[in-house]
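Trainee:
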Amino acid sequence: MKILLINGPNINMLGIREKNIYGNVDYKSLCEILREKSKELSIELEIVQSNIEGEIINFIHEAYEKYDGMIINPGAYTHYSIAIYDALKAVNIPTVEVHISNVHAREEFRTKSVTAPACIGQISGFGVDSYILGMIGLVNRLKY
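Counting in our numbering, the sequence shown tops out at residue 149, every number present.
#1: Less than 7 Å separating the beta-carbons of C124 and V103?
#2: Between the Cα of Q54 and the Cα atoms of F114, G142, K71, L35, which residue gives the shortest distance?
#3: Would you list the residues sitting across from S129 in a DSSP beta bridge?
#4: Contact between the stretch 60–75 and the stretch 27–41: three or more CB pairs below 8 Å?
#5: What did DSSP end up calling G80 once you bin it into helix, strand or coil?
#6: At the level of alpha carbons, what is the spacing between D73 and L9?
#7: Report back the beta-carbon spacing between T83 and S135 to the nearest angstrom; my notes put them in contact at under 8 Å.
#8: In chain order, what residues of the same chain lie with their CB nearer than 8 Å to the CB of Y85, ignoring the 5 residues before and after it?
#9: Check M18 in the structure and name its three-state DSSP category.
#10: On the premise that G28 lies in contact with I105, defined as a C-beta separation below 8 Å, what is that separation, rounded to the nearest angstrom?
#11: Short check: CB of S129 to CB of N107, under 7 Å?
#12: Here's a check: name, in chain order, each residue in its chain whose Cβ is nearer than 6 Å to the Cβ of Q127, leaving out the five neighbours to either side.
#13: How far does the beta strand (DSSP E) with N25 in it extend, from its first residue to its last?
#14: Could you pull out every residue in the same chain whose Cβ sits closer than 7 Å to the Cβ of P99, ignoring the five residues on either side in sequence?
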């Protein structure tokens, strides 16, 4: 089973930015944790990150017929990127949206996700475990 994990803007700044919201785990450590978990789940995991909306869309398009599922943290694009929503709908790959913070308990503008309706589910608020929970949920959904 092949899974693509797409991280959006500012995720590469984990461990540096707003530790009170996003925690102390840096981006490199997050990727290492997720690669280890993917081995436990017997899946091939590719991790990509971009701060540029068009590159994220390209990652999604390039995933077509290459990956069984995707996990996406669109970052701030969550709240306004119809283009990412459209790309997710176009490829029709089962996708889980994840967020480190609880986006529903933050600023009003963060409570709406325009990308989540293109996904099979959304997990937020569990820190880096949001990614692990998303991975487990996606794998189980693909298996059963």
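Quick reminder that beta carbons are idealized off the backbone N, C-alpha and C, glycines included.
Mentor: This is what the structure gives:
#1: no
#2: L35
#3: H104
#4: no
#5: helix
#6: 8 Å
#7: About 13 Å; that fails the 8 Å criterion.
#8: V119
#9: helix
#10: 7 Å
#11: yes
#12: E102, A121
#13: No beta strand (DSSP E) holds N25; the alpha helix (DSSP H) holding it covers 24–27.
#14: G74, I125, L143, R146, L147
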